[in-house]
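*Asks:* Going by this note's numbering, the sequence shown opens with residue 198, and the numbers climb by one from there.
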Amino acid sequence: MPENERDISVFKIVALYIGAVIGAGFASGQELMRFFAVYGSKGLWAAGLATGLLIYLGAAVLFLSVKYRTANYLQLINRLTGPWQAKVFDWLSMAMLLAGLGVMLSGSGAVFSEYLGIAAWPGVLLLLGLVVLVLSGGMAGVIRINFILVPLKIAVILLISWLVLLFCHPGSGPAGEIPGTAGISTGNWYLSGILYVSYNMILVLAVLSTLGNRVSAGKGLVGGALGGLGLGLAAGMVVLAQGKLYPAIASYQVPLLFMAGQVSPVLRIPVALLIWLAILTTAVANAHGLAARFAPVGSTKYKLAGGICALLVLPLGGQDFDRLVGAIYPLFGYAGLALLLLLFIHSLGPLIKFWGAKFGGPKSLIVKILRLLMLWIKKIKS
């Protein structure tokens, strides 16, 4: 039975949002170190700024998607800008989603070669096969895999960060620039916080816009805000832990693996698995956003489009993962700035009106969000 408005709960929306953002870069700790930890105590301010933007923009994307009853990102972009600008955004989004999918295939191969000590190609082909399998289940399949894996990913990330803060000694030695940060670290903590959100927003828009005709405005607004809050809390915890080990942690390609090793060598295996699961959910998000661009979600054409897109970027799976990330991801951030501006312009006024009519003001909305967050935590514990 296809997912409809009654079936997609707030918690499934949250899982879909978080699953799209927590990819290999986030789960490895490299992304958070480059954007936040490198700024020391100011990195926490940058993470706080990013959290506020993730909360607002997640809610805004879903609110606008529901308002215009969208089924893919192109339908939403067409409502936010003119015809030729929409074409530019469309081609840019397709290029970035394809590139992102290719990076995830490469990342899967890297996990197999670096952590399992075998050839990279089985990891690439396994990820490709699982992505096609998940898409064959339509929206239900995409939501199900995120609903299962996202709580697990968050739990492992928070556990390792918490253990580092409790038991590890602070790092020592002179602070230096993180290798490979050129083109990512901006020198300004506030700009870094904004760029972190903007480089994630194209994928977030591609995924969340497919829910426009499947959820209510209230569910979308609360789910988007809760997803942004969850991402911000996880990022803040990791940045705090990285700050305790900085600058010793700066020379490692997989900072979270280093963090786990500082606590106990036994934790290295769960971290390697965590990184691969993060790669899987982000690869699914990229393929889903692309397939929904070409065909209705769940249709035969949708499944075919997802498989074709995965095959098109298969050659990228054999490329060096670090080199792909360094070349592609900085472009995402700067290209997404215009998208952030569009979302703010078109959502601010309507959202203020909706708050007053539906929730009785921003304070009442915050109370509802906090109650749902506590309920989700209880579900995870049980």
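Glycine included, every Cβ here is placed at the ideal spot set by N, Cα and C.
For L534, which residues in the same chain have their Cβ closer than 6 Å to its Cβ, ignoring the five residues on either side in sequence?
*Replies:* Correct list, in chain order: S395.
*Asks:* Unbroken alpha helix (DSSP H) runs of length 4 or more, entirely within the stretch 432–513: which are they?
*Replies:* Entirely contained in the stretch 432–513, the alpha helix (DSSP H) runs reaching 4 residues are, in chain order, 452–460, 465–491 and 497–509.
*Asks:* Along the alpha helix (DSSP H) that carries I351, what are the first and last residues, could you check?
*Replies:* That run of the alpha helix (DSSP H) goes G335 to F364.
*Asks:* Counting along the chain, where does the alpha helix (DSSP H) carrying L408 start and finish?
*Replies:* Neither: L408 is in no alpha helix (DSSP H) and is coded neither H nor E.
*Asks:* Classify K416: buried if its beta carbon has 16 or more other beta carbons within 10 angstroms, exposed otherwise.
*Replies:* K416 comes out buried.
*Asks:* With DSSP run on the structure shown, which of helix, strand or coil describes V412?
*Replies:* Of the three classes helix, strand and coil, the one that applies to V412 here is coil, per DSSP.
*Asks:* Quick check: the stretch 487–497 against the stretch 317–327, are there 3 or more CB pairs under 8 Å?
*Replies:* No, because fewer than three Cβ pairs between the stretch 487–497 and the stretch 317–327 fall closer than 8 Å, the two stretches do not touch.
*Asks:* With C-beta atoms as the reference, is V218 less than 8 Å away from V401?
*Replies:* In this structure, V401 lies closer than 8 Å to V218 by Cβ.
*Asks:* Take every Cβ of the stretch 475–483, pair it with every Cβ of the stretch 265–274, and state whether three or more of those distances are shorter than 8 Å.
*Replies:* No: fewer than three Cβ pairs fall under 8 Å.
*Asks:* List the endpoints of the continuous alpha helix (DSSP H) containing G255.
*Replies:* K239 to Y265 is the extent of the alpha helix (DSSP H) around G255.
*Asks:* So, is V463 buried or exposed, given that buried needs 16 or more other C-beta atoms within 10 angstroms?
*Replies:* Exposed: under 16 other Cβ atoms inside 10 Å.
*Asks:* Kindly indicate the opening and closing residues of the alpha helix (DSSP H) around P280.
*Replies:* It spans P280 to Y312 - the alpha helix (DSSP H) in which P280 sits, taken as one unbroken run.
*Asks:* Give me the residue from L548, L251 and A221 with the minimum Cα distance to Y393.
*Replies:* Considering only alpha carbons, the answer is L251.
*Asks:* Cutting at 6 Å between CB atoms, please list the residues of its own chain near V328, excluding the five before and the five after it.
*Replies:* Closer than 6 Å at the Cβ level, and outside the excluded window around V328, lie A480, V481, A484 and A507.
*Asks:* Should G420 and I210 be called a contact, given that it needs their Cβ atoms to be closer than 8 Å?
*Replies:* Yes. Within cutoff.
*Asks:* Is the beta carbon of V263 less than 8 Å from the beta carbon of V412?
*Replies:* Taking 8 Å as the Cβ cut-off, V263 and V412 qualify as a contacting pair.
*Asks:* Tell me whether the stretch 496–506 and the stretch 238–251 touch, counting them as touching only if at least three CB pairs, one residue from each stretch, are closer than 8 Å.
*Replies:* No, the stretch 496–506 is not in contact with the stretch 238–251.
*Asks:* Whole angstroms is fine: what's the gap from I340's alpha carbon to L325's?
*Replies:* Rounded to whole angstroms, I340 to L325 spans 18 Å at the Cα level.
*Asks:* What does a CB cutoff of less than 8 Å around L332 pick up in its chain, not counting 5 residues either side in sequence?
*Replies:* The answer, listed in chain order, is G338, V339, V481, A484, H485, A488, Y499, K500, G503 and G504.
*Asks:* Provide the residue span of the alpha helix (DSSP H) that contains N275, from first to last.
*Replies:* Unbroken alpha helix (DSSP H) run through N275: Y270 to L277.
*Asks:* What is the C-beta distance between G226 and M398, in whole angstroms, given that I count them as a contact (C-beta under 8 Å)?
*Replies:* At roughly 21 Å, the Cβ-Cβ gap does not stay under 8 Å, so G226 and M398 are not in contact.
*Asks:* Considering only the beta carbon of each residue, do V436 and L302 sit closer than 8 Å?
*Replies:* Not a contact, by the Cβ cut-off of 8 Å.
*Asks:* Could you tell me how far apart the beta carbons of M293 and F541 are, in whole angstroms, since I believe they sit closer than 8 Å?
*Replies:* At roughly 20 Å, the Cβ-Cβ gap does not stay under 8 Å, so M293 and F541 are not in contact.
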